[in-house]
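Asker: Submitted below is the structure of interest, expressed as structure tokens.
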Amino acid sequence: MNVIICKDEKEVAKKAFELVEKVLKSKENPVLGLATGSTPLGLYNEMVKAYQNKEISYQNVVTYNLDEYIGLAKDHPESYYSFMHTNLFDKTDFKESNIHIPEGSNQQDALKYEDEVVKGQVDLQILGIGRNGHIGFNEPNTPFDSITHIVDLTQETIEDNARFFDGDKSLVPTKAITMGIGTIMHAKEIVLIALGSAKADCIKDTVEGAVSEQTPASILQKHPNATIILDELAAAKLAK
Ligand code: F6R
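Residue numbers (numbering that gives the first Met the number 0): 0 to 239.
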């Protein structure tokens, strides 16, 4: 696992964009795995900027998102469908037919998405990380070989995500559909981004701790091509 420590959020976004651009320029039909949340916003801004400056086109890029809430309409402002369209897809030339975001609420829907992602073969998967070490919505103790499935969100994740719902945790959905850890590990390359001091403990566990289902992201230690990009605050607890 490569660890890159950057001065600040801006430098993190530029570094992540460099890695994305490398993959996009290396293939005719590159496949990206995408995440939502506040962490990848800097990267998505860099992607939009490159498109606006006519440096890049995303017409041939296929995308698979990690997860989606259950119980929010697609056009709800906090659905991950809306998030991706507002922050990336609507500002660039991604083709709607190349975009995949999980939907549905049962095991059959989850298996259908799993099949699509596996057949799609993600070249580069972008990840954020939850304070409890979750990746996608794979909370602690999710089996490392899990595939796309329906999850109950933990109280910690509901509290963390309440900031997107006017601070009201009763408005946060309690269930989601998410790629499993096994699905994520299937990507050829993985880039996990973490920003801020709230992520310092889970980053220490991910990078220096035991590979354990208690810290879902620690499985990245076993991936042949995983990079972790951190700002100084998220890296603060790593051994120097
Ligand atoms: C979102 C996702 C989550 C987030 C994580 C961090 O698609 O899969 O695992 O990456 O909850 O969220 P932020 O970036 O908001 O701190």
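Just so it is clear, CB atoms sit at the ideal spot from N, CA and C, and this is done for glycine as well. Computed from a prediction, not measured in an experiment: that's the story for all the values here.
What residue from Pro142, Ala234, Ile146, Thr226 has the CA that sits closest to glutamine 213's CA?
Answerer: Pro142
Asker: Check whether the Cβ atoms of threonine 62 and tyrosine 112 lie closer than 8 Å to each other.
Answerer: no
Asker: My assumption, with CB atoms under 8 Å, is that valine 11 sits in contact with aspartate 122. Please give the rounded CB distance.
Answerer: The pair is not a contact, with the Cβ atoms about 21 Å apart (cut-off 8 Å).
Asker: Taking C-alpha atoms, which residue in Glu95, Leu71, Leu126, Asn64 lies nearest to proline 101?
Answerer: Asn64
Asker: Do you know offhand how far glutamine 220's Cα is from isoleucine 227's?
Answerer: 10 Å
Asker: Short of 8 Å in beta carbon distance, which residues of its chain neighbour glutamate 115, apart from the five on each side in sequence? Order them along the chain.
Answerer: Tyr63, His99
Asker: If you measure between the beta carbons of isoleucine 69 and isoleucine 134, is that distance less than 8 Å?
Answerer: no
Asker: Is DSSP giving lysine 174 helix, strand or coil here?
Answerer: strand
Asker: At the level of alpha carbons, what is the spacing between histidine 84 and lysine 236?
Answerer: 35 Å
Asker: Are aspartate 89 and tyrosine 57 closer than 8 Å when you measure CB to CB?
Answerer: Taking 8 Å as the Cβ cut-off, aspartate 89 and tyrosine 57 do not qualify as a contacting pair.
Asker: Examine the ligand F6R and report whether any of its heavy atoms sits within less than 7 Å of the Cβ of alanine 15.
Answerer: no
Asker: Indicate whether serine 211 and glycine 179 have their beta-carbon atoms separated by less than 8 Å.
Answerer: At the C-beta level, serine 211 and glycine 179 stay beyond 8 Å of one another.
Asker: Please confirm whether any heavy atom of the ligand F6R lies closer than 7 Å to the CB of aspartate 66.
Answerer: yes
Asker: Going by alpha carbons, who is nearest to leucine 31 out of Glu188, Gly181, Asn44, Asp165?
Answerer: Glu188
Asker: Is isoleucine 202 near the ligand F6R, going by C-beta to nearest heavy atom under 7 Å?
Answerer: Incorrect: isoleucine 202 has no Cβ contact closer than 7 Å to the ligand F6R.
Asker: Let me check one thing: in DSSP terms, what residues is threonine 31 bridge-paired to?
Answerer: Looking at the sequence shown, residue 31 is not threonine but leucine. Beta-bridge pairing links leucine 31 to Thr62, Leu123.
Asker: May I have a chain-ordered list of the beta strand (DSSP E) segments no shorter than 3 residues that lie completely inside the stretch 153 to 217?
Answerer: 174 to 177, 188 to 193
Asker: Cβ of threonine 35 within 8 Å of Cβ of alanine 193?
Answerer: no
Asker: Would you kindly work out how many angstroms separate the C-alpha atoms of glycine 103 and alanine 109, rounded to a whole number?
Answerer: 7 Å
Asker: Check whether the Cβ of phenylalanine 136 sits closer than 7 Å to any heavy atom of the ligand ATP, and report yes or no.
Answerer: Because the ligand ATP does not appear in the structure shown, any question about it cannot be addressed here, the ligands present being the ligand F6R.
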